[in-house]
Amino acid sequence: MHGWNLTKNLFGHGESIGTDVSKQVEPTGIPKTHRNIAYREFGDAEGAHILLCIPCILESQSSFDELVTYVEQHVGCRLITVDHCGRGRSDWLDADHSYKMSIYLEDLRTLITHLHATHKRIIRRLYLLGSGMGAILAMNLAAQKDLRVQGLVLNDVGLTLSWSGLFSLYGNTGDSTAHKQVVESLKKMKFDPRLIHAISHPSHVDIYHQFNFRGIHFDNVIHDFDGPVLLIRGEHSETCAKQDALVVTQYVKNVDVLEIAGECHPVRYRPQVLARLSIMLDLEKTSFCLCDEAFSSDYLDLDAYALLACN
């Protein structure tokens, strides 16, 4: 993995590159006019595929560590994880802005543009893996032809989010059990406390959608997407029912549904999921592999991030 602190200096001094992400400071007397989104890169630096992993609303990029371990043992793919603003190593929004999906979408668009510009030594195929809300963002990004997305992996979210599923995950702003679970999920990572209110407010979903008595619908997002789509569904999912998976097969071309027994939301990256991803990304196992224990102690502890400046 190659991680560094890459921030665009907006004051006419070019680019700043350093190795200590945690000690980045602004020039004295100059107000901060940008914020940073944090991402990491793993796997084959020359791989023919790039897989950008987009976390759920309550996740950081560490949620993909099982997948990182697997990709590190194969060639053929460059895997990239990212933190949404207000979470993990990414900057918080200032007081004048509220957390909403359109902001995450624009941040990811900036990152993808950066990846295309910096990974063009060979022809690469960009795939997106989205978990929960990240799947909805991935579909919206795939619909933007200029981003050249070649394939999608949707972790336990189809084209509809039911009201019951949303409540079970995020709850209301009161003292409900679901709301307490939201707080506990966020406590597992560094986060902006304002997120707790933002994600339970209707204005958080400010990208194109329709709704009715059943839930929020994103039916027309990828109806003309031509690349392969893999929907991974948990058997006991509250966010992607069997009917939701069926709707995806009716509206989306080239879709394959993989149901994982015993799983809820989101689906974990267990061997059955990893095997299907390996086929989709044409991965080839290396002769030398790190066991999970060695990976955890020798690799993840490097804690190397790259920071990309966003306006």
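Here my numbering is used: the first residue of the sequence shown is 3, the next is one more, and so on.
Glycine is no exception: its CB is placed at the ideal position from the N, C-alpha and C atoms.
Given a length threshold of 3 residues, each whole run of the beta strand (DSSP E) inside the region 26-104 is given here in chain order: 37-45, 51-56, 79-84.
The residues L149, in chain order, have a CB closer than 6 Å to that of I114 in the same chain once the five nearest residues on each side in sequence are set aside.
A distance of 8 Å or more separates the beta carbons of L232 and V159. Per DSSP, the beta bridge partners of C312 are R37. Within the same chain, and ignoring the five residues on either side of S239 in sequence, the residues whose Cβ sits closer than 7 Å to its Cβ are D158, C266, H267. Taking the Cα positions, V275 is about 8 Å away from I234. For N256, the secondary structure class from DSSP, reduced to helix, strand or coil, is coil. Classified as exposed, Y210 has fewer than 16 neighbouring CB atoms from the shown chains inside 10 Å of its CB. Following the DSSP letters along the chain, one finds H199 inside the alpha helix (DSSP H) bounded by residues 197-200.
In the DSSP assignment, R270 falls outside any beta strand (DSSP E) and carries neither an H nor an E. For the set Y253, C242, G153, the Cα lying nearest the Cα of E261 is the one of C242. Between the C-alpha atoms of L143 and L279 there is a straight-line separation of about 20 Å.
Between the region 76-83 and the region 43-63 there are three or more inter-stretch CB-CB distances shorter than 8 Å, so the stretches are counted as touching.
Judged by DSSP secondary structure, L131 falls within the beta strand (DSSP E) whose first and last residues are 127-133. For T112, same chain residues with a beta-carbon under 6 Å away, outside a window of 5 residues either side, are C312 in chain order. Counting only the Cα atoms, T162 lies some 13 Å from I224. Taking 8 Å as the cut-off, the beta carbon of V77 is found no closer than this to the beta carbon of T251. A direct Cα-to-Cα measurement between A263 and R270 gives close to 11 Å. For the options D194, D96, L283, the alpha carbon positioned closest to that of G153 is the one of L283. The closest CA to that of R196, considering only H118, H36, R37, D98, is found on D98. If you ignore the 5 residues before and after F66, its C-beta comes within less than 7 Å of the C-beta of C55, T83, all in its own chain and listed in chain order.
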